[in-house]
């Protein structure tokens, strides 16, 4: 059905861009919203935005599957940043107008993906193949209710009724961070441990979307932190060296104080979200002082490249800054490299997270980063063939 559109895109990929510009391919994916009841209406309104989108992009968007679209556009490097930002804002307003809570149901890093031609040609062709070959009807919409206080009581009750090792086996996951340098095989530096919210939802409250009620979800996150801290204190998780995502408030609890006094947390890395840090900087500085008092280390997590300008790494006083890989990082490498150098001068180490492709890894290496995390890093560590291809490149 959409084969002609894909063929048209492929024919135009190799054409030279307009003078003074570069050619960018943009893929828009609504697939992550496939279980929202309002998806058909969202797609219908997206089609009606055709002229507005053409005005922003300077080209016509082609549909390549029931939920996926692609466009080729010629832009300068500077204008490409503005175009992508405008496009994302239009899409988020569209989605939010139909379902105000939909942001929790979509990975915004996949909503819009940008490929510079010819550098990312192979990745773009792979995306066309993956998205364009989707077949069959959309998954049936499944209405998920909001998380309730009763759900919270049920979740904590189920977890507390099981042995701690069972809780770890069922709900705790880990993802490696790897040190990677040109010409050297990747080596695992440490693992990040976290409670899988997906598993909590699927196994304990399958009828609820745990992210839809933010106040109740915050309470749930706090309770899950306490169970993780308890597992660490009782050595159910042997995680040195390791890193852990915690809410800022969880640092000021009796269980965390017990972990600090046990000596087990020395050299552990505690990841605190950048939003929490900026929201209450005084509380963050108190947490930083406490964590350092027992030999712990701090990573400020969830930093977007757009935040690097106003970020003051010296004031943060942390050991690691975790930056999420997104389009701006790939498109604006020179200015971001300068900002990463500022982080290094402050004494912190940069970790590039959510690295989903070889090109993203190479971009980080070009900017002086040597610690990485993400789907592609998992592949490099497990797949000998891909690791050999990377090292030979």
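Numbering (the numbering used here), first residue to last: 615 to 1007.
Positions of the beta carbon are idealized from the N, C-alpha and C atoms, including for glycine.
Residue i burial status per 10 Å Cβ neighbour count (16 or more: buried)
i: residue 692; result: exposed
i: residue 624; result: exposed
i: residue 859; result: buried
i: residue 617; result: exposed
i: residue 661; result: exposed
i: residue 910; result: buried
i: residue 864; result: buried
i: residue 654; result: exposed
i: residue 919; result: buried
i: residue 809; result: buried
i: residue 884; result: buried
i: residue 780; result: exposed
i: residue 1022; result: One cannot answer for residue 1022 here, as it falls past the ends of the chain, which runs 615 to 1007.
i: residue 955; result: exposed
i: residue 729; result: buried
Straight-line gap, residue i to residue j (C-alpha atoms, nearest Å)
i: residue 913; j: residue 628; result: 43 angstroms
i: residue 755; j: residue 647; result: For residue 755, the predicted model reports a pLDDT of 47, less than 50, meaning its position is unreliable and no value from the coordinates is stated.
i: residue 753; j: residue 705; result: Low confidence applies to residue 753: its pLDDT is 48, below 50, so where it sits in the model is not reliable, and the reading given next is rough at best. Going from the Cα of residue 753 to the Cα of residue 705 covers about 21 angstroms.
i: residue 967; j: residue 943; result: 12 angstroms
i: residue 743; j: residue 783; result: 36 angstroms
i: residue 926; j: residue 960; result: 9 angstroms
i: residue 895; j: residue 940; result: 26 angstroms
i: residue 811; j: residue 632; result: 46 angstroms
i: residue 962; j: residue 924; result: 16 angstroms
i: residue 657; j: residue 645; result: 11 angstroms
i: residue 946; j: residue 659; result: 32 angstroms
i: residue 685; j: residue 991; result: 28 angstroms
i: residue 994; j: residue 1000; result: 6 angstroms
i: residue 697; j: residue 869; result: 48 angstroms
i: residue 1006; j: residue 794; result: 14 angstroms
i: residue 703; j: residue 709; result: 10 angstroms
i: residue 738; j: residue 639; result: 7 angstroms
i: residue 664; j: residue 733; result: 28 angstroms
i: residue 767; j: residue 802; result: 38 angstroms
i: residue 630; j: residue 735; result: 13 angstroms
i: residue 622; j: residue 977; result: 30 angstroms
i: residue 642; j: residue 683; result: 5 angstroms
i: residue 852; j: residue 1002; result: 31 angstroms
i: residue 763; j: residue 776; result: 21 angstroms
i: residue 707; j: residue 917; result: 23 angstroms
i: residue 787; j: residue 906; result: 26 angstroms
i: residue 908; j: residue 880; result: 6 angstroms
i: residue 871; j: residue 637; result: 55 angstroms
i: residue 998; j: residue 934; result: 29 angstroms
Residues near residue i by beta carbon distance below 8 angstroms, same chain, minus five either side
i: residue 987; result: 789, 790, 791, 792, 806, 936, 965, 966, 967, 968, 969
i: residue 951; result: 980, 981, 982
i: residue 849; result: 878
Minimum C-alpha distance to residue i - residue among the options
i: residue 882; options: 899, 924, 843, 890; result: 843
i: residue 862; options: 900, 855, 827, 847; result: 900
i: residue 626; options: 828, 665, 688, 841; result: 688
i: residue 785; options: 839, 828, 764, 736; result: 839
i: residue 830; options: 765, 634, 678; result: 765
i: residue 690; options: 635, 804, 671, 730; result: 635
i: residue 620; options: 695, 741, 731, 637; result: 741
i: residue 888; options: 915, 622, 725; result: 915
i: residue 778; options: 669, 822, 841; result: 841
i: residue 669; options: 679, 908, 700, 1004; result: 700
i: residue 671; options: 726, 678, 679; result: 726
i: residue 855; options: 872, 673, 866, 804; result: 804
i: residue 938; options: 975, 695, 798, 904; result: 975
i: residue 652; options: 857, 711, 673, 874; result: 711
i: residue 1004; options: 673, 797, 731; result: 797
Cβ shell of residue i (< 6 angstroms), same chain only, five flanking positions each side left out
i: residue 953; result: 922
i: residue 996; result: none
i: residue 681; result: 644, 645
i: residue 667; result: 675
i: residue 760; result: 826, 827
i: residue 898; result: 891
i: residue 948; result: none
i: residue 724; result: 643
i: residue 834; result: 766
Contact test: residue i Cβ vs the ligand SAH heavy atom, cutoff 7 angstroms
i: residue 889; result: The ligand SAH is absent from the structure shown, which contains no ligand whatsoever.
Any C-beta of chain B under 8 angstroms from that of residue i
i: residue 970; result: Reference to chain B is not applicable here, since this structure consists of a single protein chain.
Beta-carbon contacts of residue i that lie in its chain and below 7 angstroms, excluding the five residues immediately before and after
i: residue 876; result: 847
i: residue 836; result: 861, 863, 864
i: residue 984; result: 793, 794, 795
i: residue 832; result: none
i: residue 695; result: 942, 945, 946
i: residue 677; result: 616, 619, 683
Check whether the region 769-777 and the region 814-822 touch, using three or more Cβ-Cβ pairs below 8 angstroms as the test. Contact between the region 769-777 and the region 814-822 is present, because at least three Cβ pairs lie under 8 angstroms.
Could you tell me whether the region 914-930 touches the region 971-980, using the rule of 3 or more Cβ pairs below 8 angstroms? Remark: fewer than three beta-carbon pairs, one from each stretch, lie closer than 8 angstroms, so the region 914-930 and the region 971-980 are not flagged as touching.
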